[in-house]
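Chemist: In this note's numbering, the protein residues as written are 608 to 784. Cβ coordinates follow ideal geometry from the N, Cα and C atoms, glycine included. Quick one: structure below, then a few questions.
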């Protein structure tokens, strides 16, 4: 335990200013699962594949991509941060070992998403818990909720996950890989 705390502390100092890495290091993950996340304020996904294409009562959405071409086709052309994140992934269908999961949440503008924890929940299934920073908001009472997105690169040494369940603020969305 002490050694792990020293490693986390050293990484925190070494990566000062790099919030993505700090969030990933702090996240609770199985040892054989590598997770990298990137928070995106807004909706980097094209119409028809994003949370905006779902009924208004759905506040959490998850989508997955196994290849670079599919992930880039789902990304808006002006979503440069998302496209650079996708370019850095070695996808399963492109002879790599990773998948991309896009988790979206409708909420207030001042809320941010971050990776909370990743756990195994069954044979080939993962649960990804997202935390919110900012005020506690009742989405139903918002006139115009905004989209918050967390991009997740998942690399599982036990094999490609078959299903990922994303949970935010007590709501869940599942995606089959």
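1) Restricting to Cα atoms, I'd like to know which of 669, 781, 733, 638 is closest to residue 657.
2) Quick one: using the 10 Å Cβ neighbour count with 16 as the cut-off for buried, is residue 756 buried or exposed?
3) Around the Cβ of residue 707, are there at least 16 other Cβ atoms within 10 angstroms (buried) or fewer (exposed)?
4) For residue 636, which of 724, 690, 761, 749 has the nearest alpha-carbon?
5) For residue 781, which residues in the same chain have their Cβ closer than 8 Å to its Cβ, ignoring the five residues on either side in sequence?
6) I think residue 722 touches residue 737, with their Cβ atoms under 8 Å apart; what is that distance to the nearest whole Å?
7) If you check the beta carbons only, do residue 653 and residue 683 fall under 7 Å apart?
8) Does the segment 741-754 come close enough to the segment 694-714 to have 3 or more Cβ pairs within less than 8 Å?
9) Please list the terminal residues of the continuous alpha helix (DSSP H) segment that includes residue 679.
10) Less than 7 Å between the C-beta atoms of residue 764 and residue 676, yes or no?
11) Less than 7 Å between the beta carbons of residue 733 and residue 646, yes or no?
12) With distances taken from CA atoms, which of 745, 672, 691, 744 is nearest residue 699?
Modeler: Taking the coordinates as given:
1) Position 50 of the chain shown, counted from the first residue, corresponds to residue 657. In terms of CA proximity to residue 657, 669 leads the group 669, 781, 733, 638.
2) On the chain shown, position 149 is the one that residue 756 refers to. With 16 or more other Cβ atoms within 10 Å, it is buried.
3) Taking the chain shown and counting its residues from 1, one reaches residue 707 at position 100. With 16 or more other Cβ atoms within 10 Å, it is buried.
4) To locate residue 636, count along the chain shown from 1; it is residue 29. When each option's Cα is compared against that of residue 636, the closest is 724.
5) Sequence index remark: in the chain shown, residue 781 carries index 174 (1-based). So the list reads 669, 770, 771, 772, 773, once near-sequence residues are dropped.
6) Indexing the chain shown from 1 puts residue 722 at position 115. Indexing the chain shown from 1 puts residue 737 at position 130. The pair is a contact, with the Cβ atoms about 7 Å apart (cut-off 8 Å).
7) As a first step, residue 653 must be located in the chain shown, where it is residue number 46. As a first step, residue 683 must be located in the chain shown, where it is residue number 76. The answer is yes: Cβ separation under 7 Å.
8) yes
9) By 1-based counting over the chain shown, the position of residue 679 is 72. That run of the alpha helix (DSSP H) goes 675-681.
10) Taking the chain shown and counting its residues from 1, one reaches residue 764 at position 157. Taking the chain shown and counting its residues from 1, one reaches residue 676 at position 69. Not in contact: residue 764 and residue 676 (Cβ atoms no closer than 7 Å).
11) Here the question's residue 733 lines up with position 126 in the chain shown. Here the question's residue 646 lines up with position 39 in the chain shown. Cβ atoms of residue 733 and residue 646: not closer than 7 Å.
12) Along the chain shown, one-based indexing puts residue 699 at 92. Selected option, being the one with the closest Cα: 672.
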